[in-house]
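Heads up, the thing below is written out as structure tokens.
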Amino acid sequence: MPPREVPCSNPELGTWSNARACYIKAASPPPPLTDAVWSGNTTGSIYRCSASGIWSGPGSYLFWADSAPGVVPDPRVLAQQAVTQMRLRAVTIGMAPDPSPGSVGLVGLPIWLWVASPDQSTWGPNTKTASAGGYSVTATGKVTRVVWSMGDGGTVACTSTGTSYTDSFGMSASPDCGYRYPKQGTYTVTATSYWTINWSGIGESGVINQTYTSSVVVTIGELQTVVKG
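Quick note on this note's numbering: the sequence shown kicks off at 53 and runs consecutively.
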């Protein structure tokens, strides 16, 4: 019979065991100590291995074990634990003009946007492994895009960290992540980072999506021209 996917647990049959390829549950009531399945042991317990409809072997059988067979953990739970270990957080916003109080940008001039000091927790890639009962799941995540909401209804989607502005760029536009405000005002700029996290382990795999948001306030003014007569 070809491999097939089975649930990790069954309310009637017990918990799936990869080692035995069956569901395992304590026999209730257990057979007497004189039964051959005890193999002369007087401690431990008798368990039922049930595989009816799963593979071509016998539907079920009893076996002795000195302790409860290992329980296969839910890989999705371990995947989420691995994500928690990543300690992901929102990006630190880099912006020109400087969003600090007292700094003013100008209508129509280029706005530069970037992720300041990107690292494993704000940009990735970030890989962590979570384990339990001898099983493990590994997850790897990275930011696939940052959507910048500019506060005036405009948005910018950037798939890179952007380019950090320096004075040498002068009045030029950002090569990969920029904007221009058409009107003066005070705007709240929000950066939402979108993480895609791929995980695999215990015969399964999947994707977890996460978003994180940070914001700053920027003031945009108009250039005033004074005419002297």
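All C-beta atoms, glycine included, are put in the ideal place defined by N, C-alpha and C. Remember, it's a predicted structure, so these values are computed and weren't measured experimentally.
Taking a contact to mean a Cβ-Cβ separation below 7 Å, would you say residue i touches residue j in this structure?
| i | j | result |
| --- | --- | --- |
| Thr240 | Gly214 | no |
| Thr207 | Val195 | no |
| Ser226 | Trp164 | yes |
| Val135 | Gln236 | no |
| Val89 | Leu114 | yes |
| Ile145 | Ala243 | yes |
What is the DSSP secondary structure of residue i, counted as helix, strand or coil?
| i | result |
| --- | --- |
| Ala243 | strand |
| Thr155 | A small fix is needed here, since residue 155 is Ser in this sequence, not Thr. Residue state, collapsed to three classes: coil. |
| Ser220 | helix |
| Pro162 | strand |
| Lys77 | strand |
| Gly146 | strand |
| Val278 | For Val278, the predicted structure reports a pLDDT of 49, less than 50, and the residue's modelled location is therefore unreliable. The matter cannot be settled from this model. |
| Tyr86 | A small fix is needed here, since residue 86 is Thr in this sequence, not Tyr. It is coil, neither helix nor strand. |
| Gly237 | strand |
| Ala117 | strand |
| Asn250 | strand |
| Cys60 | coil |
| Ser102 | strand |
| Ser226 | coil |
First and last residue of the alpha helix (DSSP H) that includes residue i?
| i | result |
| --- | --- |
| Gln133 | Pro127 to Met138 |
Would you mind sorting residue i into buried or exposed? The rule is 16 or more other CB atoms within 10 Å of its CB.
| i | result |
| --- | --- |
| Pro153 | exposed |
| Trp166 | buried |
| Ser102 | buried |
| Gly96 | exposed |
| Val278 | For Val278, the predicted model reports a pLDDT of 49, less than 50, meaning its position is unreliable and no value from the coordinates is stated. |
| Pro83 | exposed |
| Val270 | buried |
| Thr174 | buried |
The beta strand (DSSP E) with residue i in it runs from where to where?
| i | result |
| --- | --- |
| Asn93 | No beta strand (DSSP E) holds Asn93; DSSP gives it neither H nor E. |
| Ser267 | Glu256 to Gly273 |
| Gly214 | First-last for Gly214: undefined, no H or E at that position. |
| Gly230 | Gly230 to Arg232 |
| Gly66 | Gly66 to Ser69 |
Measure from the C-beta of residue i to each C-beta in chain C and report whether the shortest distance is under 7 Å.
| i | result |
| --- | --- |
| Val195 | In summary, chain C is missing from the structure at hand, where a single protein chain is found. |
Notebook entry, point to check: At which residue ranges does the segment 161-210 contain complete beta strand (DSSP E) runs of 3 or more residues, listed in the order of the chain?
Noted result: Positions of the beta strand (DSSP E) runs, each at least 3 residues long and wholly inside the segment 161-210, are given as 162-168, 178-184, 187-201 and 207-210 in order along the chain.
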